[in-house]
Amino acid sequence: MDSISEAMKYSYVGNVSDQLKSDALIEYKKYAADKEAIVRRIRDNEMYWRDLYENDVKNLKEKMKCNTSFIFSAIENASAISAENYPIANLIEREPDGEETANVLSKLICAEMDSSGFKDKYKNATRNKLKYGTAVYGVFYNDRTGSVDIKEIDILDIFVDMNISDIQDSRFLFIVNAVDNELLKQQFP
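Right, dumping it as structure tokens:
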């Protein structure tokens, strides 16, 4: 039995039918196979970035013809410009009598972003966008605090249908995390 099937036994899925669990496992394996080329590209880009960042000239000369730090500088400059242009929530009313509600929601969203430390996550995600072409945030309700958590999600931890352009059109979305089996058994007996 593979580790995915083993994890499915211990994962919390509520009142989900066995058929849906089986379909989800099949789709997960298909998504993972489709994603292999992207995973290789991201890992290669990260190794290249680390070579630039650590300024290991010997490795650079082996991997590329031009050993300048142009790419590193371009990414760092674009990242700094993006950080200076940090987004601020500004909601606009749909109807004339919704202006007050839009203003309150704008302030609420800004407060939630501040309390979740979104600015640092935004900076990291911006660098990932420049290096890998994309970045992922997750917005989750926190039962313990009663607030919303905004998390930066590693692109390698997401499995989705690779043949679509809008993630909302994917039948399944998997966000995975490596967790020790003993911890899972304790958390979900």
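Residues in the sequence shown are numbered from 122 upward in steps of one, following my numbering.
All C-beta atoms, glycine included, are put in the ideal place defined by N, C-alpha and C.
Treat the numbers as computed from the prediction; the structure is a model and nothing was measured.
Please name the residue, chosen from Asp-264, Arg-265 and Gly-238, that lies closest to Tyr-258 on a Cα-to-Cα basis.
Sorting Asp-264, Arg-265 and Gly-238 by C-alpha distance to the C-alpha of Tyr-258 places Gly-238 at the top.
In angstroms with no decimal places, state the Cα-to-Cα distance between Glu-157 and Asn-302.
25 Å
Got a sec? Which residues, its chain only, sit under 7 Å from Ser-143 by beta carbon, not counting five neighbours each side?
So no residue of the chain qualifies.
Checking the sheet assignment: what are the DSSP bridge partners for Glu-273?
DSSP links Glu-273 through a beta bridge to Tyr-258.
By the three-class DSSP mapping on this structure, what secondary structure does Ile-213 have?
coil
Taking just the CA atoms, how far does Asp-264 sit from Ala-223?
Computed Cα separation, rounded: 26 Å.
Apply the 10 Å Cβ neighbour rule to Ile-163 and answer buried if 16 or more other Cβ atoms are within range, or exposed otherwise.
buried
Three-state secondary structure (DSSP) at Ile-285?
coil
If you count every other CB in all the chains shown that lies within 10 Å of the CB of Phe-191, and 16 or more means buried, which is it?
exposed
Could you pull the start and end residues of the alpha helix (DSSP H) that Phe-191 belongs to?
Where Phe-191 is concerned, the enclosing alpha helix (DSSP H) stretches over 191-205.
In its own chain, which residues sit with a C-beta less than 6 Å from the C-beta of Ser-203, not counting the 5 before and 5 after it?
Result list for Ser-203: Thr-247, in chain order.
Do you know offhand how far Lys-272's Cα is from Ala-201's?
21 Å
Given Phe-293, which residues of its chain have a CB within under 6 Å of its CB, disregarding the five upstream and five downstream residues?
Ala-145 and Glu-148
Note down, in chain order, each residue of its chain lying with its Cβ closer than 6 Å to the Cβ of Thr-266, except the 5 sequence neighbours on either side.
none
Roughly how many whole angstroms lie between the Cα atoms of Asn-245 and Arg-161?
21 Å
In the DSSP assignment, find the unbroken beta strand (DSSP E) run with Phe-293 in it and report its ends.
Premise fails: Phe-293 is in no beta strand (DSSP E) and is neither H nor E.
Could you check the C-alpha separation between Ile-213 and Glu-233 for me, to the nearest Å?
Rounded to whole angstroms, Ile-213 to Glu-233 spans 18 Å at the Cα level.
Excluding the 5 residues flanking Lys-250 on each side, which residues of the same chain have their C-beta closer than 7 Å to its C-beta?
Ala-256
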